[in-house]
Amino acid sequence: VGAIKNRYDKNGRRIKGKTVRTLLKKAQRIVIKLGTGLLTDDNGLLDTSVINKLVPQIALLMHEGKQIILVSSGAIGCGFQFLNLDKRPSTLPLLQASASVGQAKLMNVYDKLFSKKNITIAQILLTREDLKTRKRHLNIKNTLNCLINRKALPIINENDTVSIDEIRFGDNDLLSALVANLLQADLLINLTNVDGVRKKSADGKSLEKDIIPSVKGVPSSLLTHTIAEKSALGSGGMDAKLKAARIITTAGECMVIANGRTKNILLRICNGEDIGTLFIPSQTRMESRKRWIAFFHGTRGTIVIDQGAQDALLCNGKSLLPSGIVSIEGKFAIGDSVALIGLDRKEIGIGLVNFSSDEIHKIRGCHSSEIEKILGYRSYSAVIHRDNFVTTRTLS
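Each residue of the sequence shown is one higher than the last, beginning at -13 in our numbering.
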């Protein structure tokens, strides 16, 4: 599914025989994300009618042999009423307390429903730091793969009692994209309470009636021409979902944003029906190591490069040499991840550096043959080797 790039034009129309939507039928490993706005009603209570409709669809997909990973929000919305609160709290301690109460109740609901379908569920609570630490990253990946291979359903949520990133902004949109990358899933389905992505109307204040059916990558123009639709109970919005879609498509996989209240929505998406907004990969699938560099390692600084270096990296598959470096920003050590940006201040990619920020400051703009003369030693001729560089520039 991730290798569909060369078969379709920028609007997702077929070039040779099949459509991108049809290829979604072949998606084997699927991450499904359920947002807070979808799982709760207008009063903030858990909307069991929605869950009751989604569980049989997930069960059917699993019994058909699909590998499903569920990323579920809803713990805060499910828990705050049990702390004698009449609405979603705004302070972090109360949000975290609500999550700890609601998580247990949410999992109890899932367990009762999936057990009727002979499916064992497993609770996984994660933070972004868990995924950034290499040892924990691999342990999580191994655990999830083991559960999947044993036909269990992992249900993942942010560990809100120790992490505040997704509470403040994201509603698990970022987490679902990182989990999909961790497991190299074929497809991420982000179910929310809107039908898909809509552009701003001409007045810039409202939304167009029709959703965008498909788009290649996440163009910058799309980020600036959408309106943030956010639930009162969730912390996400269309902006967070588009950022998640950019991660997924950059990694070479597909993502669909759709309304989880639509009848048989999961089955219809997986059957290739034209529903919701489909994000088509902007490049071929990344290998596991490059995913780690691009999405999990975390950048420590920035290197500004000239046009020649940019062309060498993006067009010719070359390494970054000192001569192409204009300036550096931040402090970093050998082996750290840094972002590479062009003279237009747009990100080009991320790479692991062979020199510290202090060393690069001394050798920037110089020829590789001058490194030893300047530093007194030369461990490498390239600041970033092409094998340690990942392109992140998307369509403009």
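The beta carbon of each residue, even a glycine, is placed where N, CA and C say it ideally should be.
- Here the region 24 to 42 makes contact with the region 87 to 106; the two share three or more CB pairs at distances below 8 Å.
- Classified as buried, Leu173 has 16 or more neighbouring CB atoms from the shown chains inside 10 Å of its CB.
- Remark: three or more beta-carbon pairs, one from each stretch, lie closer than 8 Å, so the region 337 to 345 and the region 313 to 323 are flagged as touching.
- If you check the CB distance, Thr106 and Glu144 do not come in under 8 Å.
- The way I'd put it, the region 283 to 296 doesn't touch the region 249 to 260; fewer than three beta-carbon pairs between them come closer than 8 Å.
- In this structure, Ile141 sits away from Ala244, with a CB-CB distance that is not shorter than 8 Å.
- Inside the region 65 to 145, DSSP marks whole alpha helix (DSSP H) runs of 4 or more residues at positions 78 to 101, 114 to 118, 120 to 135, from first to last along the chain.
- Residue environment for Asp373: exposed (fewer than 16 other C-beta atoms within 10 angstroms of its C-beta).
- For Asn245, the enclosing beta strand (DSSP E) covers residues 240 to 245.
- When the five nearest sequence neighbours on each side are left out, the beta carbons in the same chain lying within less than 6 Å of the beta carbon of Arg7 are those of Gly258, Asp260, in order along the chain.
- DSSP, read as helix, strand or coil, puts Arg254 in helix.
- For Arg232, the uninterrupted alpha helix (DSSP H) segment begins and ends at 224 to 237.
- For the region -3 to 56, the continuous alpha helix (DSSP H) assignments of 4+ residues that do not extend past its boundaries occur at 6 to 9, 22 to 25, 34 to 49, in sequence order.
- Spanning the alpha carbons of Phe66 and Glu194 requires a straight line of approximately 35 Å.
- The three-state reading of DSSP puts Glu315 in strand, counting E and B together.
- Burial check for Leu169: the Cβ neighbour count within 10 Å reaches 16 or more, so the residue is buried.
- Listed as beta-bridge partners of Ala325 by DSSP are Thr288, Ile336.
- Within the DSSP bridge table, the entry for Lys202 names Ile266 as partners.
- Inclusion of Phe265 and Leu164 in the CB contact set at 8 Å is not warranted, their separation being larger than that value.
- With respect to the 8 Å criterion, Val376 and Gly337 are classified as neighbours on the basis of their beta carbons.
- Cβ contact annotation for Asp27 (same chain, cutoff 8 Å, sequence separation greater than five): Asp33, in chain order.
- Within the region 149 to 187, the beta strand (DSSP E) runs of at least 3 residues that lie entirely inside it are, in chain order, 173 to 178.
- In the DSSP assignment, the residues bridged to Ile370 are Leu306.
- About 6 Å separates the Cβ atoms of Met272 and Gly238, confirming a contact at the 8 Å cut-off.
- Per DSSP, the unbroken beta strand (DSSP E) holding Phe375 starts and ends at 375 to 377.
- DSSP places Glu358 in the uninterrupted alpha helix (DSSP H) bounded by 357 to 361.
- Per DSSP, Ala295 is one residue of the alpha helix (DSSP H) stretching across 293 to 300.
- DSSP places His347 in the uninterrupted alpha helix (DSSP H) bounded by 343 to 349.
- In this structure, Gly335 lies near Leu299, with their beta-carbon atoms less than 8 Å apart.
- Gly182 and Gly262 do touch by the CB rule: their CB atoms are close to 5 Å apart, below 8 Å.
- Distance from Met241 to Ile234 at the Cβ level is roughly 4 Å; contact confirmed, criterion being Cβ atoms closer than 8 Å.
- Gly30 is positioned such that its CB atom lies closer than 8 Å to that of Lys73.
- Secondary structure at Ser59: coil, using DSSP grouped into helix, strand and coil.
- By the neighbour-count criterion, in which 16 or more other beta carbons inside 10 Å mark a residue as buried, Asn167 falls on the buried side.
- Rounded to the nearest whole angstrom, the CA to CA distance from Lys304 to Pro199 is 36 Å.
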